[in-house]
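Asker: My structure is below; once you've seen it, I'll send some questions.
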Amino acid sequence: MNYLKRKHMVCLEKIELENLFRAGLDERLSRKGYTFDNSENNIQKMHKIAKAAKIKDKNEIEMFIALFGLLKFYPKGSQICFVLKDNINPQKDIKSLVDLKKAIKESDLTDFGILFNKQLSEFQLKRYVEKELNIDTFSEFIKKKISHYGNNLGSTNLLILLSGGGYIDNDMFRKLNEKLKSYNFKFRAEILIYYNEENKSEVIYQVFPDLKFASVPFKLPSNQ
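Under my numbering, the first residue of the sequence shown is numbered 1, with each subsequent residue one higher.
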């Protein structure tokens, strides 16, 4: 566990956060007959795990996505970071998942960060639950979220998790990129779309400012 003083963030190795996360959820899972280690290799099982563990808390959802999803796009040894409340000493005050959740600053633009090669990527996580990905509707959704922060995300990337499960036309991302550029946003952060592709790979499309693509093989928590 490291302290990033310039951002007042606590940064945890994958195994550290995983141990806190699993210890905090194992009791909830066992009552439902699930563990992280008996999962079948499909996205529906991961959703069942989340539902069984009652992962509804905002912080737990962010940890789940960062730990078992986004971290796979970064080099081995990367750390997951969280902005702390002003009075928190991470070396003394964080010993459990409950401690970590209590220590996280709720009102910050950054939900979590990934520290890699001495660089920090910061993220604001939003979920898009509509099954149909209509360009106009989706772009307005993004525009509305950004306007909530005064149309300025600074250096914090907007990460949108597609959880509706509908059909995804890859050409949509090109059109979305063109639409978003027409809004003339005045920030240097990225807008990223994250989704599972047929339980074979996990995909991130950068749709602002440029159009980029990355994917990694899909793995459930039990196989990581």
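Heads up, the beta-carbon is just placed ideally off N, CA and C, and yes, glycines get one too.
A quick note: this is a predicted structure, and the numbers were derived from the prediction, not measured.
Name the one or two DSSP bridge partners that Lys-126 has.
Answerer: Looking at the DSSP assignment, Lys-126 forms a beta bridge with Ile-160.
Asker: Taking the C-alpha atoms as reference points, what is the distance between Leu-71 and Ile-15?
Answerer: Distance between the alpha carbons of Leu-71 and Ile-15: 12 Å.
Asker: Exposed or buried, which one is Tyr-194 when buried takes at least 16 other CB atoms within 10 Å?
Answerer: Buried is the call here.
Asker: How do the stretch 139–148 and the stretch 172–191 stand: do at least 3 beta-carbon pairs fall below 8 Å, yes or no?
Answerer: The stretch 139–148, when compared against the stretch 172–191, does touch it at the 8 Å Cβ threshold.
Asker: Quick check: what's the CA-CA separation for Lys-105 versus Asp-57?
Answerer: Looking at the two C-alpha atoms, the distance is approximately 14 Å.
Asker: For Ser-215, write down the residues that DSSP places opposite it in a beta bridge.
Answerer: Answer is Val-203, bridged to Ser-215.
Asker: Buried or exposed for Asn-42, please, with buried defined as at least 16 other CB atoms from any protein chain shown within 10 angstroms of its CB.
Answerer: Note on Asn-42: pLDDT 39, under 50, position unreliable in the model; no value is reported.
Asker: Less than 8 Å between the CB atoms is what I'm expecting for Val-10 and Phe-82, so what's the real figure, rounded?
Answerer: That pair is a contact at about 6 Å.
Asker: Could you please give me the residues that DSSP links to Asn-196 through a beta bridge?
Answerer: Asn-196 is bridged to Glu-202.
Asker: In the DSSP output, which residue or residues are listed as bridge partners for Ile-191?
Answerer: Answer is Leu-158 and Phe-208.
Asker: Go ahead and pull the three-state DSSP assignment for Gln-44.
Answerer: Caution applies to Gln-44, whose pLDDT of 45 falls short of 50 and renders its modelled position unreliable; the model cannot decide the point.
Asker: Rounded to whole angstroms, what's the CA-CA distance from Ile-135 to Lys-175? Just pull it up for me.
Answerer: Those two C-alpha atoms are separated by around 7 Å.
Asker: Helix, strand or coil for Ile-135, going by three-state DSSP, please let me know.
Answerer: Helix, per DSSP.
Asker: Pull up the distance between the alpha-carbon of Cys-77 and that of Thr-110, whole angstroms please.
Answerer: It should be noted that the sequence gives Gly, not Cys, for residue 77. Gly-77 and Thr-110: Cα-Cα distance of roughly 21 Å.
Asker: If you follow the beta strand (DSSP E) that Leu-12 is part of, which residue opens it and which one closes it?
Answerer: 9–12 is the span of the beta strand (DSSP E), which, as asked, contains Leu-12.
Asker: Which value, in whole angstroms, describes the spacing of the CA atoms of Phe-123 and Asn-157?
Answerer: About 5 Å.
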